[in-house]
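Respectively, the protein sequence lines represent chains P and A.
Residue numbering for the first sequence follows the numbering used here, starting at 731 and increasing by one per position.
Residue numbering for the second sequence follows the numbering used here, starting at 731 and increasing by one per position.
Just so you know, even glycine gets a beta-carbon here, dropped at the ideal spot from N, CA and C.
Note that the structure is a prediction, hence the values are computed from the model and not measured.
Report on the structure given below.
There are 2 protein chains.
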Amino acid sequence: MGKGEQTRQAIVAQALDLASSGGLESLSIGELAKAVGMSKSGLFAHFKSKEQLQLDVLEAAVARFIDKVVTPALREPRGEPRVRAMFERWLVWERDEFPGGCVIEGAAEELLDRPGPVRDYVVRAQHDWMDAIATAVRIAMSEGHFRPDLDPEQLAFELLTLFLGYHRHGRLFDREQAEARTRRAFEALVERARSAGSGRARTTP
Amino acid sequence: MGKGEQTRQAIVAQALDLASSGGLESLSIGELAKAVGMSKSGLFAHFKSKEQLQLDVLEAAVARFIDKVVTPALREPRGEPRVRAMFERWLVWERDEFPGGCVIEGAAEELLDRPGPVRDYVVRAQHDWMDAIATAVRIAMSEGHFRPDLDPEQLAFELLTLFLGYHRHGRLFDREQAEARTRRAFEALVERARSAGSGRARTTP
Chain P
731 MGKGEQTRQA
741 IVAQALDLAS
751 SGGLESLSIG
761 ELAKAVGMSK
771 SGLFAHFKSK
781 EQLQLDVLEA
791 AVARFIDKVV
801 TPALREPRGE
811 PRVRAMFERW
821 LVWERDEFPG
831 GCVIEGAAEE
841 LLDRPGPVRD
851 YVVRAQHDWM
861 DAIATAVRIA
871 MSEGHFRPDL
881 DPEQLAFELL
891 TLFLGYHRHG
901 RLFDREQAEA
911 RTRRAFEALV
921 ERARSAGSGR
931 ARTTP
Chain A
731 MGKGEQTRQA
741 IVAQALDLAS
751 SGGLESLSIG
761 ELAKAVGMSK
771 SGLFAHFKSK
781 EQLQLDVLEA
791 AVARFIDKVV
801 TPALREPRGE
811 PRVRAMFERW
821 LVWERDEFPG
831 GCVIEGAAEE
841 LLDRPGPVRD
851 YVVRAQHDWM
861 DAIATAVRIA
871 MSEGHFRPDL
881 DPEQLAFELL
891 TLFLGYHRHG
901 RLFDREQAEA
911 RTRRAFEALV
921 ERARSAGSGR
931 ARTTP
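Written out as structure tokens, the structure reads:
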């Protein structure tokens with residue numbers, strides 16, 4: 731990795747923290763230059779436009795998400811344990827990764843009404859994650875952990891709603907209460923998803 | 731109502747639409763002046779500061795929410811019908827009331843990390859609404875529609891998560907799919923909330 735690329739990554743890491751707290755839209759090259767102690771023109775050498783900066787920040791966030799949430803969860807045993815790991819790691823990510831919560835989550839909310847390549851990128855990222863969850867649910871169905879008539883996309887949607895509630899309640903009201911309520915709701919969802927009448931699902935090693 | 735108050739209300743209505751699409755933070759007195767065809771100094775006569783404008787916009791949104799969601803729902807029969815009416819009207823409100831979705835919802839997300847009187851106002855408003863839902867759930871328990879060991883605050887939290895998922899999925903992906911999934915999740919929640927073994931709850935006239 732060359733020095734230019736190292737500098738660029740350090741800038742993006744700083745930009746991620748700023749975007750997490752202040753939002754992606756309000757992240758400016760001027761503000762970022764001040765935060766990393768560079769000149770505005772120095773930053774422009776790395777990012778040609780605000781839009782490019784936003785895309786780079788989101789790409790870095792997604793790469794980190796894959797590294798910390800998706801990949802380790804996919805190492806868990808197929809079935810319910812993997813679905814569980816995906817959700818659990820998603821919560822930890824929201825709580826611990828950035829000062830103001832998940833950057834992708836914040837960007838999704840900010841960009842709802844702002845068509846363009848940045849919004850398109852967020853839509854794709856969220857779609858990919860929903861697909862990954864639905865796939866893990868489908869595997870849990872084929873493993874016999876979840877009942878066969880479950881709708882995997884419906885469950886993925888419901889897990890998204892829980893994540894959003896956790897984010898909102900945790901940051902606006904009370905973190906511990908949000909965790910407790912989100913986990914209770916998650917357990918109830920898993921309970922409903924399990925094979926009818928099987929009580930607790932068997933787990934594969 | 732005097733002419734000054736009429737003008738003020740017309741300005742706030744315009745501000746609500748702007749805040750719904752662009753966010754409360756990016757709502758400026760300059761932009762609003764352009765939208766209503768007034769001078770900036772004319773607008774300053776009505777709102778002394780951007781913060782005052784934001785508070786007035788939120789107060790107007792909450793007043794409308796009470797008028798269109800809370801009050802009509804409270805006219806429904808006590809118990810499950812009232813809980814159902816609250817949730818249903820909340821969804822319709824999110825979908826139809828403003829061009830970019832619920833202003834209070836958008837403000838809550840925007841203001842997560844921005845302490846101050848505007849955030850305090852949003853926190854209070856969201857608390858009040860959660861309390862109103864929990865109270866309606868408690869009544870449904872005492873009417874025998876919902877099981878007696880239910881946690882009303884937990885159910886209120888889960889309804890909030892569904893609303894957030896509806897807002898997100900509907901505005902980022904697909905409105906109709908979001909409605910269908912949100913309603914399915916709601917019915918499953920209500921089913922779980924009903925008195926154990928009672929099947930469908932009786933409804934009071």
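ask   = Three or more beta-carbon pairs under 8 Å between the stretch 847-859 of chain P and the stretch 774-794 of chain P, yes or no?
value = yes
ask   = Name the DSSP beta bridge partners of F876(P), please?
value = BP columns for F876(P) point to R924(P).
query = Which chain A residues sit within Cβ distance under 7 Å of Q856(P)?
reply = L902
A775(P) - DSSP class collapsed to helix/strand/coil = coil
task = Using 10 angstroms around the beta-carbon of H875(P), count the other beta-carbons present and answer buried if the total reaches 16, otherwise exposed.
result = buried
ask   = How is E781(A) classed by DSSP in three states: helix, strand or coil?
value = Three-state result, E781(A): helix.
request  = Report the residue ranges of all alpha helix (DSSP H) runs contained in full by the stretch 794-865 of chain A; include only those spanning at least 4 residues, in chain order.
outcome  = As far as the stretch 794-865 of chain A is concerned, its whole alpha helix (DSSP H) runs of at least 4 residues are 801-804, 810-826, 833-840.
request  = Could you check if G731(P) is buried or exposed, using at least 16 other CB atoms within 10 Å of its CB as the buried criterion?
outcome  = Looking at the sequence itself, residue 731(P) is Met, so the reference to Gly does not match. Answer is exposed; the Cβ neighbour count stays below 16.
request  = Just mark A743(A) as buried or exposed, buried being the case when its beta carbon has 16 or more other beta carbons within 10 Å.
outcome  = So A743(A) counts as exposed.
Neighbour-count burial assignment, A793(A), 16 or more Cβ in a 10 Å radius = exposed
key: the stretch 910-926 of chain P / the stretch 747-755 of chain A touching (three or more Cβ pairs under 8 Å)   = no
inquiry  = Measuring only the C-alpha atoms, how far is R805(P) from R812(P)?
reply    = 8 Å
query = Mind pulling the chain A residues with CB within less than 7 Å of L892(P)?
reply = Those within 7 Å of L892(P) in chain A are T891.
query = Would you say Q884(P) reaches chain A, if we count a Cβ-Cβ gap shorter than 9 Å as a contact?
reply = yes
ask   = Given a threshold of 16 other Cβ atoms within 10 Å of its Cβ, counted over all protein chains shown, does P882(A) qualify as buried or as exposed?
value = Counting the other CB atoms within 10 Å of its CB gives P882(A) a total of 16 or more, which places it among the buried residues.
ask   = Using a beta-carbon distance cut-off of less than 7 Å, what residues from the stretch 754-768 of chain P approach chain A?
value = none
request  = Please classify T801(A): is it buried, with 16 or more other beta-carbons within 10 angstroms of its beta-carbon, or exposed?
outcome  = exposed
inquiry  = Quick check on DSSP: helix, strand or coil for F887(A)?
reply    = In this structure, F887(A) counts as helix in the three-state DSSP scheme.
query = Could you give the distance in angstroms between the alpha-carbon of V822(A) and the alpha-carbon of F893(A)?
reply = 11 Å
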